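The sequence shown lines up with residues 6 to 232 when you count with this note's numbering. Working notes, structure below.
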Amino acid sequence: MDFVPVSDESCSKYALYRQLAIFLQATIVCIIMIIRTYALYGRSKRFLACVAIVIIALTILACAGTFGHFSGDVEIEPGVGCNETFSKAVAARIGLAYVALFIFDLFIFILTVYRICQNSSLLRLTLVTRRNIIDVIFCDGAMFFGAMTLSNIPNILTYYFGSVWLRGSLSTFTGCMSVTLISRLMLNLHKTIDTGIFSTPTQDDALSLPVLTTRVNIQSAISSHHW
Numbered sequence: 006m007d008f009v010p011v012s013d014e015s016c017s018k019y020a021l022y023r024q025l026a027i028f029l030q031a032t033i034v035c036i037i038m039i040i041r042t043y044a045l046y047g048r049s050k051r052f053l054a055c056v057a058i059v060i061i062a063l064t065i066l067a068c069a070g071t072f073g074h075f076s077g078d079v080e081i082e083p084g085v086g087c088n089e090t091f092s093k094a095v096a097a098r099i100g101l102a103y104v105a106l107f108i109f110d111l112f113i114f115i116l117t118v119y120r121i122c123q124n125s126s127l128l129r130l131t132l133v134t135r136r137n138i139i140d141v142i143f144c145d146g147a148m149f150f151g152a153m154t155l156s157n158i159p160n161i162l163t164y165y166f167g168s169v170w171l172r173g174s175l176s177t178f179t180g181c182m183s184v185t186l187i188s189r190l191m192l193n194l195h196k197t198i199d200t201g202i203f204s205t206p207t208q209d210d211a212l213s214l215p216v217l218t219t220r221v222n223i224q225s226a227i228s229s230h231h232w
């Protein structure tokens, strides 16, 4: 099968669009994780301000390492197409973006665990059941952090210790994993809390907890465990 000839210009555009797509994916995932944690903290303005400072710092670090004059060399491989390679110095700077993502995941996970551990009875309930929204957010968040750690750490190592052809080879896989997992988290949240995304609010008589699908008062759900 004959393919359309690939030019150096088209390969350069492909590399740029690929970087933009990966950056956009990571941004969407981070925003969703912030919203989940923000709800867990009862829409606290103080929490939002602290998170905003951390996010701005990590975003600057990620952008500095991903874009600008730190782009790699794009080559046309016969029978393969566009292939982007990175020098050791460039790969180290791009690796900073994924280090920033790992720090963000760790930051969100620590905030989630801290919020759960603030109430010992809530922690014991979380370890044995997944019936309410707090349990779902904690358990799914732990699963997300574990899976992303297993995929992101090897990706970071390829930038710092991999060969020229191996550097950045796992970045696409890492991005796809994050999008897939965050989609699974949100769908599981809707499925667990009620019958679906477009369902109406219901009352959980067994635990006397307010269970909503579209708007959930996390603070009242946590407070109800004291009774």
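Glycine included, every Cβ here is placed at the ideal spot set by N, Cα and C. This one's a predicted model, so the numbers in the text were calculated from it and none came from an experiment.
Same chain, Cβ closer than 6 Å to residue i, neighbours up to 5 away in sequence not counted
i      : result
Ala96  : Tyr164 and Arg172
Leu255 : Limits of the chain in this structure are 6 at one end and 232 at the other, which puts residue 255 out of reach.
Thr197 : Val141
Simplified DSSP assignment, three categories, for residue i
i      : result
Tyr46  : coil
Val169 : coil
Leu175 : coil
Val221 : Note on Val221: pLDDT 47, under 50, position unreliable in the model; the coordinate value appears next. Of the three classes helix, strand and coil, the one that applies to Val221 here is coil, per DSSP.
Spatial neighbours of residue i in its chain, beta-carbon cut-off 7 Å, leaving aside the 5 residues before and after
i      : result
Arg48  : none
Leu116 : Thr42
Asn193 : Val141 and Asp145
Val59  : Phe112
The alpha helix (DSSP H) enclosing residue i, as first and last residue numbers
i      : result
Val118 : Lys93 to Cys122
Leu162 : Ile138 to Phe166
Expected contact under 8 Å - CB spacing of residue i and residue j to nearest Å
i      : j      : result
Ala20  : Cys87  : 7 Å
Leu66  : Ala94  : Leu66 to Ala94, Cβ: 17 Å. No contact.
Met38  : Ile113 : 5 Å
Gly180 : Gln30  : 5 Å
Thr155 : Ile108 : In the sequence as displayed, the identity of residue 155 is Leu instead of Thr. That belief does not hold up - the Cβ atoms of Leu155 and Ile108 are roughly 16 Å apart, past 8 Å.
Arg120 : Tyr22  : That pair is no contact at about 38 Å.
Sequence-distant residues of its chain with Cβ nearer than 8 Å to residue i (five each side left out)
i      : result
Ala152 : Met182 and Leu186
Leu53  : Tyr43
Ser176 : Ile27, Tyr103 and Asn160
Ile158 : Phe107
Closer than 8 Å to chain B by CB, residue i
i     : result
Ile60 : The structure shown contains no chain B, having only a single protein chain.
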